[in-house]
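Take any residue in the sequence shown, note its place counting from 1, add 2, and you have its number in the working numbering.
Ideal placement from N, C-alpha and C gives every residue a C-beta, glycine not left out.
None of the values given here were measured: they were computed from a predicted structure.
Before any comments, here is the structure.
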Amino acid sequence: MQRFRKKLQETIVAVVLIEALLFSIVSVNNTITVKAASFVSEHGRLAVKGTKLVDKNGNEVQLKGVSTHGINWDVGYPYVNEEAFKTIRDSWGVNVVRFAMYTEDYNGYCVTDDEGRKKLLETIDIGVKAAKKLGMYVIIDWHVLNDLTPQKYQKQAITFFKKVSKKYASYENVLYEICNEPNGGTSWKDIKSYAKKVIKTIRKNSKKAIIIVGTPTWSQDVDVVSGSPLKGYSNIMYTMHFYAATHKDSYMDKLKTAHDNGLPVFCTEFGTTEASGNGAYDFDSANKWIKLMDSYNMSYVCWSLSNKDESASLLKSTCTKTSDFKSSDLSKQGKWLVDKYNE
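Structural data, given as structure tokens:
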């Protein structure tokens with residue numbers, strides 16, 4: 003009988019320990035889910051303080067995210083959905099999604115017809131609302147590229163940002179990127195002239211939203227900008243882009259100079275590939291970039307959530323899923339990114 007009682011006691015203790023362990027696992031998983039889902043509610047509307055992005059309580063925040071490919075076409079817009087965002091939030095560690103809306107390329111917003119513009123606005127709306135529900139931030143990106151200068155479609159930009167800033171004025175999770183990659187000799191003086199007009203438009207509707215301004219030479223000359231930043235505005239950041247197999251130490255030096263000069267920089271697009279978005283990977287260089295940006299607690303967004311047949315896509319070209327991505331669906335860059343964001 004004594005032996006039976008002892009055995010019974012041991013069994014009860016074992017059951018209690020197992021239940022406690024299971025409860026702790028569930029609790030941890032629930033905590034992770036709640037934390038992810040409440041990122042925006044926890045941090046609220048963001049602001050710029052010095053070189054840092056800070057939350058509603060003045061605490062530093064680092065956003066880590068992904069950019070869509072162009073939402074103008076079928077390598078971009080299919081991934082703007084709640085299920086995809088939930089996957090990359092919970093499995094990848096993403097807390098911000100950038101919507102790359104080309105202005106000219108790929109039947110862009112400024113050259114398409116009214117129906118095309120309507121579809122682009124609907125895609126953005128789907129994305130903004132899905133991200134809000136999931137507690138994620140979004141960047142609405144006016145994706146200047148082969149149009150070279152944002153001044154080419156300045157009138158259309160003012161109309162667009164008037165519309166979206168009014169629609170999302172009460173949304174704490176929306177950031178605006180007003181010119182992706184000015185290039186072709188576009189000067190900082192030209193960009194500043196454009197930026198002042200667009201910022202004024204946004205501020206009529208959204209007094210405090212973060213506005214991210216592109217910089218010359220495909221958004222790389224942050225060192226130049228740091229010598230003559232925009233004056234008289236709050237919550238303004240400046241764009242730095244890099245592709246690690248092309249842009250190395252000399253470009254990192256540009257970022258270091260900008261930071262030393264007190265410029266708030268947001269890397270709204272980077273890749274581990276060559277600048278074309280294709281070619282070889284350089285993960286060693288990418289790791290150096292991430293280490294540098296992390297030392298500044300700087301936010302960054304990787305190009306791109308797509309299955310386009312190019313090295314910079316985060317998904318394999320054979321992946322037909324638009325959510326619930328598994329490791330086997332990821333490209334080499336995709337696997338690197340998930341590992342990096344979950345370190």
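Original post:
Just how far apart, CA to CA, sit D284 and K66?
Top reply: Position 282 of the sequence shown, counted from the first residue, corresponds to residue 284. Position 64 of the sequence shown, counted from the first residue, corresponds to residue 66. The straight-line gap from Cα to Cα measures roughly 20 Å.
Original post:
So, Y235 versus I201, is the Cβ gap smaller than 9 Å?
Top reply: Here residue 235 refers to the residue found at position 233 of the sequence shown. Here residue 201 refers to the residue found at position 199 of the sequence shown. Yes, the pair counts as a contact, with Cβ atoms nearer than the cut-off.
Subject >> Contact set for F272: own chain, Cβ-Cβ below 8 Å, skip 5 residues either direction >> reply: By one-based count along the sequence shown, residue 272 stands at place 270. Correct list, in chain order: H243, F244, Y245, A246, A288, W291, Y302, V303, C304 and W305.
Subject >> Host beta strand (DSSP E) of F272 (start-end) >> reply: Position 270 of the sequence shown holds residue 272. Here the beta strand (DSSP E) through F272 covers V267 to G273.
Original post:
When DSSP labels each residue in this structure, what does Y302 get in the three-state scheme?
Top reply: Taking the sequence shown and counting its residues from 1, the one referred to as residue 302 is at position 300. Strand at Y302.
Original post:
Are there three or more Cβ pairs, one per stretch, closer than 8 Å when the segment 125-140 is compared with the segment 80-96?
Top reply: With a cut-off of 8 Å, the segment 80-96 and the segment 125-140 count as touching, because enough Cβ pairs lie within range.
Subject >> Cβ contact (3+ pairs, closer than 8 Å) linking the segment 105-114 and the segment 155-172 >> reply: yes
Subject >> Buried versus exposed, by CB contacts within 10 Å (16 or more), T322 >> reply: Counted from its first residue, the sequence shown places residue 322 at position 320. Exposed, since its Cβ has fewer than 16 Cβ neighbours within 10 Å.
Original post:
Do L177 and K198 have their C-beta atoms within less than 9 Å of each other?
Top reply: Within the sequence shown, residue 177 is the residue found at index 175, counting from 1. Within the sequence shown, residue 198 is the residue found at index 196, counting from 1. No, the pair does not count as a contact, with Cβ atoms beyond the cut-off.
**OP:** Rounded to whole angstroms, what's the CA-CA distance from D92 to I126? Just pull it up for me.
**Re:** Reading the sequence shown from its first residue, position 90 is the one you call residue 92. Reading the sequence shown from its first residue, position 124 is the one you call residue 126. When rounded, the distance between both Cα atoms is 21 Å.
Original post:
Among all the DSSP beta bridges, which residues are the ones paired with Y240?
Top reply: The count along the sequence shown starts at 1 and reaches residue 240 at position 238. The partner list for Y240 (beta bridge, DSSP) reads V215 and V267.
**OP:** Could you tell me if G52 is buried or exposed, where buried requires 16 or more neighbouring beta carbons within 10 angstroms of its beta carbon?
**Re:** Along the sequence shown, read from residue 1 onward, the residue named residue 52 stands at position 50. When all chains shown are included, G52 counts as exposed.
Subject >> Three-state secondary structure assigned by DSSP to G336 >> reply: By 1-based counting over the sequence shown, the position of residue 336 is 334. Helix, per DSSP.
Subject >> S167 versus I204 - alpha carbon distance >> reply: What you label residue 167 is simply residue 165 of the sequence shown in a count that begins at 1. What you label residue 204 is simply residue 202 of the sequence shown in a count that begins at 1. For S167 and I204, the distance between alpha carbons rounds to 6 Å.
**OP:** Over the uninterrupted beta strand (DSSP E) stretch that includes T70, give me the two end residues.
**Re:** Within the sequence shown, the letter at position 68 stands for residue 70. That run of the beta strand (DSSP E) goes K66 to T70.
Subject >> Contacts around S221, its chain only, beta-carbon distance under 8 Å, and the 5 residues preceding and following it disregarded >> reply: Taking the sequence shown and counting its residues from 1, the one referred to as residue 221 is at position 219. Around S221: N182, E183, P184, T241, M242, H243, T270 and E271.
**OP:** Pull up the distance between the alpha-carbon of V215 and that of P152, whole angstroms please.
**Re:** Taking the sequence shown and counting its residues from 1, the one referred to as residue 215 is at position 213. Taking the sequence shown and counting its residues from 1, the one referred to as residue 152 is at position 150. Computed Cα separation, rounded: 11 Å.
Original post:
In three-state DSSP terms, what is K9?
Top reply: Numbered from its first residue, the sequence shown carries residue 9 at position 7. The pLDDT assigned to K9 is 46, lower than 50, so where the model puts this residue is not dependable; a value taken from the coordinates is nonetheless given after this. Helix at K9.
Subject >> In chain order, each alpha helix (DSSP H) run of at least 4 residues that lies wholly inside the segment 160-242 >> reply: Here the runs fully enclosed are 190-207, 218-221 and 224-228.
Original post:
Expressed to the nearest angstrom, what Euclidean distance is found between the alpha-carbon atoms of L316 and S252?
Top reply: Sequence index remark: in the sequence shown, residue 316 carries index 314 (1-based). Sequence index remark: in the sequence shown, residue 252 carries index 250 (1-based). For L316 and S252, the distance between alpha carbons rounds to 26 Å.
**OP:** Compute the beta-carbon to beta-carbon distance between F268 and M138, rounded to the nearest angstrom, for a pair I have assumed lies under 8 Å.
**Re:** Sequence index remark: in the sequence shown, residue 268 carries index 266 (1-based). Sequence index remark: in the sequence shown, residue 138 carries index 136 (1-based). With 8 Å as the limit, F268 and M138 do not qualify as a contact, their Cβ atoms being about 16 Å apart.
**OP:** With DSSP as the reference, label R91 as helix, strand or coil.
**Re:** Here the question's residue 91 lines up with position 89 in the sequence shown. Correct three-state label for R91: helix.
Subject >> Rounded C-alpha distance that separates A171 from G95 >> reply: Taking the sequence shown and counting its residues from 1, the one referred to as residue 171 is at position 169. Taking the sequence shown and counting its residues from 1, the one referred to as residue 95 is at position 93. Rounded to whole angstroms, A171 to G95 spans 27 Å at the Cα level.
Subject >> Burial state of E179 (16 or more Cβ within 10 Å) >> reply: Looking up residue 179 in the sequence shown gives position 177. Counting Cβ neighbours within 10 Å, E179 comes out buried, since at least 16 surround it.
Original post:
Could you give the residue range of the beta strand (DSSP E) that holds I142?
Top reply: As a working note, residue 142 is residue 140 in the sequence shown. Run containing I142: Y139 to H145, per the beta strand (DSSP E) assignment.
Original post:
What are the boundary residues of the beta strand (DSSP E) that includes L55?
Top reply: Sequence index remark: in the sequence shown, residue 55 carries index 53 (1-based). Counting along the chain, L55 sits inside the beta strand (DSSP E) bounded by residues K54 to V56.
Original post:
Rounded to whole angstroms, how far is the Cβ of T275 from the Cβ of S313, which I believe are closer than 8 Å?
Top reply: In the sequence shown, counting from the first residue as 1, residue 275 sits at position 273. In the sequence shown, counting from the first residue as 1, residue 313 sits at position 311. That pair is a contact at about 4 Å.
Original post:
Expressed to the nearest angstrom, what Euclidean distance is found between the alpha-carbon atoms of Y79 and V68?
Top reply: Against the sequence shown, residue 79 aligns to sequence position 77. Against the sequence shown, residue 68 aligns to sequence position 66. Near 14 Å, if we compare the C-alpha coordinates of V68 and Y79.
Original post:
What do you get for S43, buried or exposed, if any count of 16 or more other CB atoms within 10 angstroms of its CB means buried?
Top reply: As a working mapping, residue 43 is identified with position 41 in the sequence shown. It counts as exposed.
**OP:** Using only alpha-carbon positions, find the residue among V224, I212, K256 and S297 that is nearest to D143.
**Re:** Sequence index remark: in the sequence shown, residue 143 carries index 141 (1-based). Per the Cα distances, I212.
Subject >> Rounded distance between the beta-carbons of T89 and D331, thought under 8 Å >> reply: If you number the sequence shown from 1, residue 331 lands on position 329. If you number the sequence shown from 1, residue 89 lands on position 87. Contact annotation, D331 with T89: C-beta distance approximately 10 Å; criterion of less than 8 Å not satisfied.
**OP:** Would you list the residues sitting across from A282 in a DSSP beta bridge?
**Re:** For this step, residue 282 is matched to residue 280 along the sequence shown. DSSP lists no bridge partner for A282.
Original post:
Mapping DSSP to helix, strand and coil, what is V98?
Top reply: Mapped onto the sequence shown, residue 98 falls at position 96. Reduced to three states, the DSSP call for V98 is strand.
Original post:
Where does N401 land, buried or exposed, given buried means 16+ other C-beta within 10 angstroms?
Top reply: Any property of residue 401 remains undetermined from this structure, which presents the chain solely from 3 to 345.
Original post:
Do the CB positions of Q64 and T105 come within less than 9 Å of each other?
Top reply: Residue 64 sits at position 62 when you count from the first residue of the sequence shown. Residue 105 sits at position 103 when you count from the first residue of the sequence shown. Contact: no.
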